[in-house]
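Visitor: Here it is, the structure in full.
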Amino acid sequence: MFSVCVIGTGNVAYHFSKIILENKNLKLSQVIGRKKELDFEFKLNINYNNNLNSIADADLYLICVSDVTIKEISKKIKDKSNSVIAHCSGSTNINVLKNHKNFGVIYPLQTLTKKKKIDFYKTPLLIEANNRNSFKKINFFSKSICNQVIKCNSDERAYVHVSAVFCNNFVNYMNFISQKILESKKIDPKIILPLVSETANKLVQLRPIEAQTGPAIRKDMVTIKKHLHLLENSDFFYLYKILTNSILKNTDELQE
Ligand SMILES: NC(=O)c1ccc[n+]([C@@H]2O[C@H](COP(=O)([O-])OP(=O)(O)OC[C@H]3O[C@@H](n4cnc5c(N)ncnc54)[C@H](OP(=O)(O)O)[C@@H]3O)[C@@H](O)[C@H]2O)c1
34 MFSVCVIGTG
44 NVAYHFSKII
54 LENKNLKLSQ
64 VIGRKKELDF
74 EFKLNINYNN
84 NLNSIADADL
94 YLICVSDVTI
104 KEISKKIKDK
114 SNSVIAHCSG
124 STNINVLKNH
134 KNFGVIYPLQ
144 TLTKKKKIDF
154 YKTPLLIEAN
164 NRNSFKKINF
174 FSKSICNQVI
184 KCNSDERAYV
194 HVSAVFCNNF
204 VNYMNFISQK
214 ILESKKIDPK
224 IILPLVSETA
234 NKLVQLRPIE
244 AQTGPAIRKD
254 MVTIKKHLHL
264 LENSDFFYLY
274 KILTNSILKN
284 TDELQE
């Protein structure tokens with residue numbers, strides 16, 4: 034059976050561990066972290082260790098730690114020439130693992146949080162490998178847990194990642210601001226949720242260019258001025274201005 038050792042105990046480690054445990058063709062040989070105890074709700078089924086020197090044998094070592102730590106962790110994994118070592122970062126080059134014979138990347142193009150269940154099978158996995166042998170193993174593992182496996186090199190992946198920051202991280206932060214504004218006026222922030230879902234759902238049918246509404250796309254300077262006045266003493270005044278100017282600047286393209 035194809036065995037995987039997950040290194041890290043955060044969001045991505047949690048989701049990979051869960052999907053591996055649920056798959057009868059895969060074996061989760063170990064989870065390695067630095068905590069004393071694992072905080073996954075399914076921890077009883079897991080061989081957990083907090084010492085990288087006690088790392089178990091596995092076909093694949095999946096490094097799921099913060100980007101800045103990948104290199105350091107990779108260097109601590111010794112003598113695994115029959116296995117593949119992979120990280121799952123969007124913006125980290127594959128070569129950060131070049132101290133190994135077989136290495137690669139398995140980047141889940143999804144926002145993963147322990148608290149939120151997801152259908153991992155539908156999460157696109159962007160994969161890269163340093164040689165044929167690594168690719169075979171990474172591809173086998175990825176196809177066992179996901180139905181959208183896409184070959185993508187480090188340069189392309191960096192662009193995918195920056196694009197993901199816009200459509201997910203920034204959009205989520207905009208929702209945070211939106212709720213803050215409502216809360217500051219003691220308005221129930223839940224009233225905005227149907228708008229939040231429709232904003233995402235409409236992209237199934239329309240391109241963002243076609244879906245854009247609001248005062249900036251309409252070049253409605255009267256409303257924009259009113260909004261800026263409401264935000265005069267807010268931290269979000271400049272953000273509103275920058276985003277509005279960006280929409281105004283691209284309006285011709287947006288309306289074509
Ligand atoms: N979350 C996502 O949506 C997402 C999606 C795609 C790809 N990724 C990538 O997946 C990787 C993990 O992200 P994540 O969201 O799972 O991060 P996370 O929840 O913050 O977890 C980070 C993990 O790294 C460990 N860590 C941090 N510094 C360390 C160090 N110096 N030594 C040992 N372990 C250390 C943490 O240990 P402690 O818990 O003990 O601090 C934790 O287990 C990153 O490369 C990220 O770019 C994330």
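If you read the sequence shown in this note's numbering, its first letter stands for residue 34, the second for the next number, and so on. All C-beta atoms, glycine included, are put in the ideal place defined by N, C-alpha and C.
1. If we define contact as Cβ-Cβ less than 9 Å, is GLY137 a contact residue for chain C?
2. Quick check: the Cα distance between SER116 and LEU61, rounded to an integer number of angstroms?
3. With 16 as the cutoff for other CB atoms within 10 Å, does VAL37 come out buried or exposed?
4. May I ask whether a heavy atom of ligand 1 can be found less than 8 Å away from the beta carbon of LYS104?
5. Taking all protein chains shown into account, do 16 or more other C-beta atoms lie within 10 angstroms of the C-beta of CYS121, making it buried, or fewer, making it exposed?
6. Where do the N-terminal and C-terminal ends of the alpha helix (DSSP H) with PRO241 fall, by residue?
7. Using DSSP bridges, identify the partner residues of HIS120.
8. Less than 7 Å between C-beta atoms, sequence neighbours within five positions excluded: which residues of the same chain meet that for LEU264?
9. With a cut-off of 8 Å on the beta carbons, I'd call LEU54 and PHE75 a contact; round off their distance for me.
10. Where ARG240 and THR232 are concerned, what is the direct C-alpha to C-alpha distance, given to the nearest angstrom?
11. Kindly confirm or deny that the segment 163-182 and the segment 206-223 touch, where touching means at least three C-beta pairs closer than 8 Å.
12. Taking the continuous beta strand (DSSP E) assigned at PHE270, which residues delimit it?
Guide: To lay it out plainly:
1. Considering every chain present, this structure includes no chain C. It has just one protein chain.
2. 14 Å
3. buried
4. no
5. buried
6. 241-244
7. ILE96 and VAL138
8. PHE270 and TYR273
9. 6 Å
10. 11 Å
11. no
12. No beta strand (DSSP E) holds PHE270; the alpha helix (DSSP H) holding it covers 270-282.
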